[in-house]
Amino acid sequence: MQIDNAEFTHCVGLKSQLPQPGLPEIAFAGRSNVGKSSLINCLLLRKALARTSGQPGKTQTLNFYLVNSKFYLVDLPGYGFAKVPQQVRNRWESLLEDYLSQRESLKGVALVIDSRHAPSPLDLQMFQWLKYYNKPLLIVATKVDKLRSSERRPFIQRLQAAYGSPVLPFSSEKKSGREEIWSKIENIIGD
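The opening position of the sequence shown corresponds to residue 1 in this note's numbering, with each subsequent residue numbered one higher.
The following block contains the structure:
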């Protein structure tokens, strides 16, 4: 995909702050520190549009990035081992559930997983939840550059077997998998 412009437009911590429905949205869900922001930056060919951090739980809001004035990529708060108070975690869960189950403009979800690890119970729970709500779904396995080349195919095959679904290998360092992910997103949003 040709990226003519990409900009951060909305930081949403409450349902009332969501932008008016209209343009298609693709959300990026995954565990804390799995590489969602790095994936978005790579897709948009930007170094730091989406904030990245080595500390889990830095993304605490739904962050909307307008692409080519045609659609949004939405970076969701990570689930899992972020060290945040239970009250904050409860607010995230409520906002995420409402957004993922009820948002009219949400056309699909990229479930971002770490290629080096077997799916966690939380990953599988999110996958099942998204399937239940019948959201078009693509599974992106990040950090494949951290695997030895001999490990990549077996690891991806194990992930595909665990999810019963295709898995797209991706590396933000090498930009590998970028075009395949854009192809899937374009199919989902009909662009």
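Every residue, glycine too, gets a C-beta built ideally from N, C-alpha and C.
All values reported here derive from a predicted model rather than from experimental measurement.
Residue i - DSSP class collapsed to helix/strand/coil
| i | result |
| --- | --- |
| leucine 170 | With the sequence shown as reference, residue 170 is identified as phenylalanine, and leucine is not the correct amino acid for it. It is coil, neither helix nor strand. |
| asparagine 5 | coil |
| leucine 14 | coil |
| asparagine 63 | strand |
| serine 176 | strand |
| serine 94 | helix |
| glutamate 25 | strand |
| arginine 73 | According to the sequence shown, residue 73 is leucine rather than arginine. In this structure, leucine 73 counts as strand in the three-state DSSP scheme. |
| isoleucine 188 | helix |
Nearest to residue i (by Cα), restricted to the options the options
| i | options | result |
| --- | --- | --- |
| valine 67 | Arg91, Asp4 and Gly190 | Asp4 |
| leucine 197 | Leu137, Gln128 and Gly78 | Only positions 1 to 191 of the chain appear in this structure, which leaves residue 197 out of reach. |
| glycine 78 | Gln160, Ala29 and Phe71 | Ala29 |
| phenylalanine 170 | Leu95, Glu7, Ala110 and Thr142 | Thr142 |
| lysine 15 | Gly177, Leu39 and Asp98 | Asp98 |
| glutamine 87 | Trp182, Lys174, Tyr65 and Gln60 | Gln60 |
| lysine 139 | Asn63, Gln17 and Lys36 | The amino acid occupying residue 139 in the given sequence is isoleucine; lysine does not appear at that position. Taking only the C-alpha atoms, the option nearest isoleucine 139 is Lys36. |
| serine 101 | Pro121, Pro21 and Leu130 | Leu130 |
| leucine 276 | Val74, Ala161 and Ile113 | Because the chain is modelled from 1 through 191, residue 276 falls outside the range shown and cannot be assessed. |
| alanine 6 | Pro24, Ser32, Phe64 and Gly22 | Phe64 |
| leucine 44 | Ile188, Lys175, Gly13 and Gly22 | Lys175 |
| proline 21 | Ala48, Val34 and Tyr72 | Tyr72 |
Residue i - containing alpha helix (DSSP H), residue span
| i | result |
| --- | --- |
| lysine 135 | No alpha helix (DSSP H) contains lysine 135, which DSSP labels as neither H nor E. |
| tyrosine 163 | 149-163 |
| lysine 36 | 36-43 |
Residue interval of the beta strand (DSSP E) (run including residue i)
| i | result |
| --- | --- |
| lysine 107 | 106-114 |
Self-check item: Touch test, the stretch 145-158 against the stretch 120-127, Cβ-Cβ under 8 Å, three pairs minimum
Solution: In short, these stretches do not touch, since the Cβ pair count stays below three.
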